[in-house]
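A.B. asks: I am attaching a structure below and will ask some questions about it afterwards.
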Amino acid sequence: MRIKHNIFLQLLTMLLCLTSLQFLSRSAYARLSGEAELGYETYDAKIDGVKVVKADSFMHRYSLLYSDSRALAGGRLGGYEYSLGYEWGAFDTNVKTSLPAGNTDISQTRGHILFNGEILFDPKELPLTFHAYSHDMNRMQFQRNLNTFSAASIIGSGDQILSTTMPYDIIDGQRISSGATLVFGVRNGMTNGYNAIFRHIPMLWLDYQDEIVHDTKGLTPMDTRLSRFAFVSLNKKDNWFHFRSSRYNDYINPNNDWKEKAFQIGTVDQTMQRRWIDFTNWIKISVDGSWTKRDAPDIINATERYDLNLFSIATRSAWDARTFATFSRYTDDNRLHYDANLPLYVAGTWGTDTDWRFRVSDREQKMLNTLRDWENTSDMLSTMQVTAFKRSSFTLTPTASIEYTDATTTGKTLALEGAVETSSTRRFSSRYTLFGRYDVKYFTAERSAQASTNYLTQELEGRFAYTPSATWNVQLEQKFQTASGTNPGTSGEAITVNSDFNTNTSSSTYWRGNGLSIGDYTRSVTRLSGSWRPLPRLTVSLAASEDMLFASGQSASYITTINNSISYDVTSLHFNVQNQYSMQKNANGSDTSISSNGYASYTPNRNVDGSLNYNIQRRTFNDNNSSTYATLTQKFNYYIFRVNGVSRRLLEFNEQIEYNENSSVNANSVLLIGPMSSFNTNVSTTSTASITRFTLGGRYYPLKHLYVGVSGQYYLIDPGGIKGQIYTGSLGLNASKLSFSLDYSYGTQQNGAKRVEQRFAANMKKAF
Numbered sequence: 009m010r011i012k013h014n015i016f017l018q019l020l021t022m023l024l025c026l027t028s029l030q031f032l033s034r035s036a037y038a039r040l041s042g043e044a045e046l047g048y049e050t051y052d053a054k055i056d057g058v059k060v061v062k063a064d065s066f067m068h069r070y071s072l073l074y075s076d077s078r079a080l081a082g083g084r085l086g087g088y089e090y091s092l093g094y095e096w097g098a099f100d101t102n103v104k105t106s107l108p109a110g111n112t113d114i115s116q117t118r119g120h121i122l123f124n125g126e127i128l129f130d131p132k133e134l135p136l137t138f139h140a141y142s143h144d145m146n147r148m149q150f151q152r153n154l155n156t157f158s159a160a161s162i163i164g165s166g167d168q169i170l171s172t173t174m175p176y177d178i179i180d181g182q183r184i185s186s187g188a189t190l191v192f193g194v195r196n197g198m199t200n201g202y203n204a205i206f207r208h209i210p211m212l213w214l215d216y217q218d219e220i221v222h223d224t225k226g227l228t229p230m231d232t233r234l235s236r237f238a239f240v241s242l243n244k245k246d247n248w249f250h251f252r253s254s255r256y257n258d259y260i261n262p263n264n265d266w267k268e269k270a271f272q273i274g275t276v277d278q279t280m281q282r283r284w285i286d287f288t289n290w291i292k293i294s295v296d297g298s299w300t301k302r303d304a305p306d307i308i309n310a311t312e313r314y315d316l317n318l319f320s321i322a323t324r325s326a327w328d329a330r331t332f333a334t335f336s337r338y339t340d341d342n343r344l345h346y347d348a349n350l351p352l353y354v355a356g357t358w359g360t361d362t363d364w365r366f367r368v369s370d371r372e373q374k375m376l377n378t379l380r381d382w383e384n385t386s387d388m389l390s391t392m393q394v395t396a397f398k399r400s401s402f403t404l405t406p407t408a409s410i411e412y413t414d415a416t417t418t419g420k421t422l423a424l425e426g427a428v429e430t431s432s433t434r435r436f437s438s439r440y441t442l443f444g445r446y447d448v449k450y451f452t453a454e455r456s457a458q459a460s461t462n463y464l465t466q467e468l469e470g471r472f473a474y475t476p477s478a479t480w481n482v483q484l485e486q487k488f489q490t491a492s493g494t495n496p497g498t499s500g501e502a503i504t505v506n507s508d509f510n511t512n513t514s515s516s517t518y519w520r521g522n523g524l525s526i527g528d529y530t531r532s533v534t535r536l537s538g539s540w541r542p543l544p545r546l547t548v549s550l551a552a553s554e555d556m557l558f559a560s561g562q563s564a565s566y567i568t569t570i571n572n573s574i575s576y577d578v579t580s581l582h583f584n585v586q587n588q589y590s591m592q593k594n595a596n597g598s599d600t601s602i603s604s605n606g607y608a609s610y611t612p613n614r615n616v617d618g619s620l621n622y623n624i625q626r627r628t629f630n631d632n633n634s635s636t637y638a639t640l641t642q643k644f645n646y647y648i649f650r651v652n653g654v655s656r657r658l659l660e661f662n663e664q665i666e667y668n669e670n671s672s673v674n675a676n677s678v679l680l681i682g683p684m685s686s687f688n689t690n691v692s693t694t695s696t697a698s699i700t701r702f703t704l705g706g707r708y709y710p711l712k713h714l715y716v717g718v719s720g721q722y723y724l725i726d727p728g729g730i731k732g733q734i735y736t737g738s739l740g741l742n743a744s745k746l747s748f749s750l751d752y753s754y755g756t757q758q759n760g761a762k763r764v765e766q767r768f769a770a771n772m773k774k775a776f
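Residues 9 to 776 (our numbering) make up the sequence shown, in order.
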């Protein structure tokens, strides 16, 4: 029963195609395509001559697809296309180890029909469009998780050197998407002759979509179906009526099932895009209301929702106003929610050098839980800002805001904010830039069974920038902040407590994170930055900042940050370096962080390219413990091209060096052995792990699409002084319809015992 509708859609699509044969155009397009893919891989490992792992895998996949497309009545009525085929694949992976518990044998065989049918009926003389489709062109995928058959997961295999790509699962199954859309009626008001009567009939839009996912043989079985139906009618110019119904079935876990139906009316079209109605020549409105109900066996997924939206825009020559009023009522999981939001935004100009902005909003939220009483949240906000003297040497921008919040859980809070700022314009100077701002916030809070509390914050900010030329820029910023009283511990929607706290930026490793809990404090933040561009493509920048915090009941805290960057970018050379030093100091000690990362690439011509990439990070905790991470990658490639005839690559040589290191120092380690193992002996321990790789390789292209490649790699792992070598050889062909590759790898590693690994892989893919 669950695929009954889908079969009906497929039969309907095919039936429409067959009944339309009489309208076939003489021009038709049909083709037969297919693919064949084969893959074989073998891997074995020996320790001191004793074989510990023997694994092999064979996979093959085949597909055949016939496609055709035709026009109806020479394209005057539309057209259709269809495809029909089949895909089949299988693999067999076998792993044997020295221990029987590590043996693995996995084999799978999958196959399914590929199909695609689509028809478009669109007569130009009638206001009618019908489109139907059904397809399942999902191709199977072989899962090749490198860790599934790695040495770490095979009992008794030891440490693996070479990576394997043996399949362990096939992602397949049905993923059928079907649907049909019917549009009937005049959409643009233009009619011709005998079909003018359709202008008086409401426009109709019907849409049905069905998605089936059926894959019960995979590692994560899936068997679901999602059906959606929509009926939309255009009653007037932009008044749309919607009825939408959706149903979701999970045949493996029926608790996830749900059914949903929705009614909507208003200025929202069939694509759910909002339309605007010209109420007058300067007022636009958009209104819609909806009701949505979802039924589900699990009460968590059952919901019911009402929404009402009233949007309007008024535009005059000297001002404009906007409002986006919304109301919603919904239930979910034994809870009832109310949310009403009424904002108003007004902006305008006074004369030629003054503009103003005004905002007022009221948001009421209520929630009723069957286990608790009502939880109410109210937020009322009003703010006014004026920017004056825009054509003078200095602008003046005063701002005033008031916000009142009342919440059942946090109590009542009244917040007042006043600010005034000024900044210079180009009338003052083209080289100097001045900016100043003073901001004051006052919070009064009332909590249940507690006395009323007050909190006052002040902020004074100044900025000076000097640009003597196009190559130089210097900027100095200073900020002073003070606070007194009892922190309310909560903020409204617009006026926030200590808004400069709790902000983490990429320019600093440390930041202030106690903005809602800190009480009385004095803070100073100084930042000096500059940039220099001696060349058009070269930029050097340097910035230093000092953040000092003196809080009541706490020790003084300092955060110092220094940032430096150098970048150079031309056609043949790209260079970028980022450096940072950060330190946080308080009574508990100091933490420091030093990091540097850079990248450089050089391509003087098509024959040579090279790159260097590094990253170094070091952090010290409490003046004693530390950790260091470093990585370095260097690459160099040299190419030789054939120049007679068509230019193509003939030879290439590759060189690469990689170095990675992780180290840590713990100055307060506990001695874990001996008679003093129960006491902290403050033994300093250092642990370092590193790996170094050096790789050389090359490729020869006797033909344009044929290559032969070899490579060798030497690596060293510490601690332990583990040495290893990996040698590879490859042969491949990459053509438009045919590709194959042969790869052989040989690896050795000395770690007390000698480990030898071999891997051979052959892959071929043919398309026609």
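Every residue, glycine too, gets a C-beta built ideally from N, C-alpha and C.
Would you identify the three-state DSSP class for I526, choosing helix, strand or coil?
C.D. replies: coil
A.B. asks: I'd like to know whether the C-beta atoms of D180 and M148 end up nearer to each other than 8 Å.
C.D. replies: Taking 8 Å as the Cβ cut-off, D180 and M148 qualify as a contacting pair.
A.B. asks: Tell me whether I503 is buried or exposed, calling it buried when 16 or more other Cβ atoms sit within 10 Å of its Cβ.
C.D. replies: buried
A.B. asks: So what's G82 in DSSP terms, helix, strand or just coil?
C.D. replies: helix
A.B. asks: Between which two residues does the beta strand (DSSP E) harbouring S507 extend?
C.D. replies: Here S507 belongs to no beta strand (DSSP E), and DSSP marks it neither H nor E.
A.B. asks: Grouping DSSP H, G and I as helix and E and B as strand, with all else coil, what is P262?
C.D. replies: helix
A.B. asks: Use the C-beta contact count for Q168: other C-beta atoms within 10 angstroms, 16 or more gives buried, fewer gives exposed.
C.D. replies: buried
A.B. asks: Among Y529, A478 and T479, which one has its Cα closest to the Cα of F488?
C.D. replies: When the alpha-carbon of F488 is set against those of Y529, A478 and T479, the nearest one is in Y529.
A.B. asks: Give a yes or no on whether the C-beta atoms belonging to Q592 and N571 are separated by under 8 Å.
C.D. replies: no
A.B. asks: What's the C-alpha gap between N759 and S609?
C.D. replies: Taking the straight line from one Cα to the other gives about 36 Å.
A.B. asks: Buried or exposed for P496, going by 16 or more other Cβ atoms inside 10 Å?
C.D. replies: Classification of P496: buried, given that the 10 Å Cβ count is 16 or more.
A.B. asks: Could you tell me the alpha carbon to alpha carbon distance between H713 and P175, rounded to whole angstroms?
C.D. replies: 27 Å
A.B. asks: How is the beta strand (DSSP E) around I121 delimited, first residue to last?
C.D. replies: T112 to F129
A.B. asks: Whole-angstrom Cβ separation of N662 and G706, contact assumed at under 8 Å?
C.D. replies: Going by Cβ atoms, the distance from N662 to G706 rounds to 7 Å, so yes, they are a contact pair.
A.B. asks: Taking 8 Å as the cut-off, decide whether the C-beta atoms of I121 and A140 are in contact.
C.D. replies: no
A.B. asks: Could you pull out every residue in the same chain whose Cβ sits closer than 6 Å to the Cβ of I567, ignoring the five residues on either side in sequence?
C.D. replies: Cβ contact annotation for I567 (same chain, cutoff 6 Å, sequence separation greater than five): Y518, D555 and Q592, in chain order.
A.B. asks: Go ahead and label E467 buried or exposed: buried means 16 or more other beta carbons lie within 10 angstroms of its beta carbon, across all protein chains shown.
C.D. replies: Around the beta carbon of E467, 16 or more other beta carbons lie within 10 angstroms, which makes this residue buried.
A.B. asks: Could you have a look at N309 and say whether DSSP puts it in helix, strand or coil?
C.D. replies: helix
A.B. asks: As an exercise, report each continuous beta strand (DSSP E) stretch of at least 3 residues that is fully enclosed by the segment 352–426, in chain order.
C.D. replies: 362–377, 382–395 and 402–415
A.B. asks: On a Cα-Cα basis, can you pick out the residue from N605, G597 and Q642 that is closest to S619?
C.D. replies: Q642
A.B. asks: Using a Cβ-Cβ cutoff of less than 6 Å, which residues in the same chain neighbour T780 once the five nearest sequence positions on both sides are dropped?
C.D. replies: Outside the modelled stretch of the chain, which goes from 9 to 776, sits residue 780, for which no answer is possible.
A.B. asks: Among all the DSSP beta bridges, which residues are the ones paired with A348?
C.D. replies: F335 and E372
A.B. asks: For S33, count neighbouring C-beta atoms within 10 Å of its own C-beta (all shown protein chains included) and say buried if the count is 16 or more, exposed if not.
C.D. replies: With a pLDDT of 43 at S33, under the threshold of 50, the predicted position of this residue should be treated as unreliable, though the coordinate-derived value follows. Flag for S33 reads exposed.
A.B. asks: Buried or exposed: which applies to L711, given that a residue is buried once 16 or more other Cβ atoms fall within 10 Å of its Cβ?
C.D. replies: Per the 10 Å Cβ criterion, exposed.
A.B. asks: Since S747 and I734 are thought to touch, with beta carbons under 8 Å apart, how far apart are those beta carbons, to the nearest angstrom?
C.D. replies: S747 to I734, Cβ: 24 Å. No contact.
A.B. asks: DSSP state of N3, grouped into three classes?
C.D. replies: Here the chain comprises residues numbered 9 to 776, so residue 3 is not present and cannot be evaluated.
A.B. asks: Just to confirm before moving on: does the CB-CB distance between T339 and R367 stay below 8 Å?
C.D. replies: no
A.B. asks: Bridge partners for K745 per DSSP, in chain order?
C.D. replies: Bridge partners of K745: none, in fact.
A.B. asks: Identify the residues that DSSP records as bridge partners of S432: which are they?
C.D. replies: F402
A.B. asks: Pick out whichever of L376, N342, A333 and T405 has its Cα sitting closest to the Cα of D370.
C.D. replies: A333
A.B. asks: In this structure, what does DSSP give as the bridge partners for H757?
C.D. replies: The sequence as given places Gln at residue 757; His does not occur at that position. Paired residues: G732 and R763.
A.B. asks: List the endpoints of the continuous beta strand (DSSP E) containing Y450.
C.D. replies: Per DSSP, Y450 belongs to the beta strand (DSSP E) from Y440 to E454.
A.B. asks: Identify the residues that DSSP records as bridge partners of P174: which are they?
C.D. replies: For the sequence presented, residue 174 should be read as Met rather than Pro. Its beta-bridge partners do not exist; DSSP assigns none.
A.B. asks: Quick one, are the C-beta atoms of Y646 and E666 less than 8 Å apart?
C.D. replies: no
A.B. asks: Please give the ranges of any beta strand (DSSP E) in the segment 575–623, keeping only runs that are unbroken, at least 3 residues long and fully inside the region.
C.D. replies: 581–594 and 597–613
A.B. asks: Nearest by alpha-carbon distance to D599: which of G606, S575, R627 and D617 is it?
C.D. replies: For D599, the nearest C-alpha among the options comes from R627.
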